[in-house]
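Here is the structure we will look at.
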Amino acid sequence: MHSADEPRRPFRLLLAIAAGLVVTATLAGCGSDDAEPDAGSSVRTAPDGSEFNDADVDFATEMIPHHAQAVEMVVMAQGRDLSPEVETLMADIRDAQVPEIQTMTGWLAAWDEPVPETGLDHANAGHPGDDDSQGSDDMGDSDMGDMGGSMMSEEQMQELRTAGDGDFEQMWLEMMTEHHEGAVEMAEQEIEDGLYPEAIDLAESVIESQNAEIETMQDLLG
Numbered sequence: 001m002h003s004a005d006e007p008r009r010p011f012r013l014l015l016a017i018a019a020g021l022v023v024t025a026t027l028a029g030c031g032s033d034d035a036e037p038d039a040g041s042s043v044r045t046a047p048d049g050s051e052f053n054d055a056d057v058d059f060a061t062e063m064i065p066h067h068a069q070a071v072e073m074v075v076m077a078q079g080r081d082l083s084p085e086v087e088t089l090m091a092d093i094r095d096a097q098v099p100e101i102q103t104m105t106g107w108l109a110a111w112d113e114p115v116p117e118t119g120l121d122h123a124n125a126g127h128p129g130d131d132d133s134q135g136s137d138d139m140g141d142s143d144m145g146d147m148g149g150s151m152m153s154e155e156q157m158q159e160l161r162t163a164g165d166g167d168f169e170q171m172w173l174e175m176m177t178e179h180h181e182g183a184v185e186m187a188e189q190e191i192e193d194g195l196y197p198e199a200i201d202l203a204e205s206v207i208e209s210q211n212a213e214i215e216t217m218q219d220l221l222g
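Note that the UniProt record's numbering numbers the sequence shown so that position 152 is 152, with each residue one more than the last.
Structure (structure tokens):
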């Protein structure tokens, strides 16, 4: 037996389909839970015409101080008695990450987004082992350790800063390994949720280079 309401079902079905299409069209501009970019990320256009989203902004905003802390840890090694392998590793980290900080700073400026304070003086990021501590004083009062996650706390940074030469190298390798692992996680998140091609390319480079450096540090730690 058919109810009196049954003839109205096709109309209700059409309404449901139409509503579904509206929702789908609305979500298409910003993705879905299973698509890239993330549904919570609004797509914006920079003055140069490039498109970016919130995930790209978060990646640059968080990776700049993360990189800067790694460079600070390299600066701490100035004047230390280090093995040649560790000196080479530190130089590689500095030479890769300082330009990346500058690149990401340029993105945020182009996107009219705030650039995080790092206290990092690029000109004073000297060579590991050099007896020159310029730059370290400017960075010591930064709030970079307050970000949590893979960032070293200020207490950890102070412990490293005051470590004796006999303990410094191993402590540095252990901390930098953890630091790199956090950077890889951040880069993986950018690849999953980001939109800006240059940011995704940088994230892929971070994963490749820092995973290789993690292996090197694990070998050095034995």
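Think of the CB as a built atom: it goes at the ideal place given N, C-alpha and C, for glycine as much as any other residue.
For residue i, which of helix, strand or coil comes out of DSSP?
| i | result |
| --- | --- |
| threonine 177 | helix |
| arginine 80 | coil |
| serine 142 | Confidence at serine 142 is low in this model, with a pLDDT of 40, below 50, so its placement is unreliable and no value can be given for it. |
| glutamate 155 | helix |
| glutamate 117 | coil |
| threonine 61 | helix |
| threonine 105 | helix |
| aspartate 45 | What sits at residue 45 in the sequence shown is threonine, not aspartate. In this structure, threonine 45 counts as strand in the three-state DSSP scheme. |
On the DSSP letters alone, give me the boundaries of the alpha helix (DSSP H) that residue i sits inside.
| i | result |
| --- | --- |
| leucine 220 | 197-221 |
Given this structure, state the Cα-to-Cα distance separating residue i from residue j, to the nearest angstrom.
| i | j | result |
| --- | --- | --- |
| glutamate 215 | serine 209 | 10 Å |
| glutamine 97 | valine 71 | 7 Å |
| leucine 89 | glutamate 213 | 8 Å |
| aspartate 112 | phenylalanine 52 | 12 Å |
| glutamine 158 | valine 74 | 14 Å |
| leucine 195 | leucine 108 | 14 Å |
| isoleucine 93 | asparagine 211 | 12 Å |
| leucine 221 | glycine 49 | 47 Å |
| glutamate 155 | alanine 199 | 31 Å |
| histidine 67 | alanine 187 | 12 Å |
| proline 84 | proline 65 | 27 Å |
| threonine 105 | aspartate 167 | 34 Å |
| serine 42 | glutamine 189 | 16 Å |
Is the Cβ-Cβ distance between residue i and residue j less than 8 Å?
| i | j | result |
| --- | --- | --- |
| glutamate 178 | isoleucine 191 | no |
| glycine 150 | glycine 119 | Looking at the sequence provided, one finds serine at residue 150 rather than glycine. No. Outside cutoff. |
| glutamine 78 | methionine 152 | no |
| glutamate 169 | leucine 82 | yes |
| arginine 80 | aspartate 165 | yes |
| aspartate 193 | alanine 55 | yes |
Taking residue i as the reference, give the member of the options with the closest Cα.
| i | options | result |
| --- | --- | --- |
| glycine 160 | Thr45, Met175, Met151 | First, the residue type needs correcting, since residue 160 is leucine and not glycine in the sequence shown. Leucine 160 has its Cα closest to that of Met175, out of Thr45, Met175, Met151. |
| glutamine 102 | Ala91, Asp92, Pro116 | Pro116 |
| proline 47 | Asp58, Ala110, Ser83 | Ala110 |
| tryptophan 172 | Arg44, Gln218, Ser42 | Gln218 |
| methionine 63 | Arg44, Glu100, Glu87, Met76 | Glu100 |
| alanine 163 | Glu87, Met76, Val86 | Met76 |
Taking 7 Å as the cut-off, does the CB of residue i come closer than this to any heavy atom belonging to the ligand NAP?
| i | result |
| --- | --- |
| alanine 109 | In terms of ligand content, the structure shown is empty, and the ligand NAP therefore cannot be addressed. |
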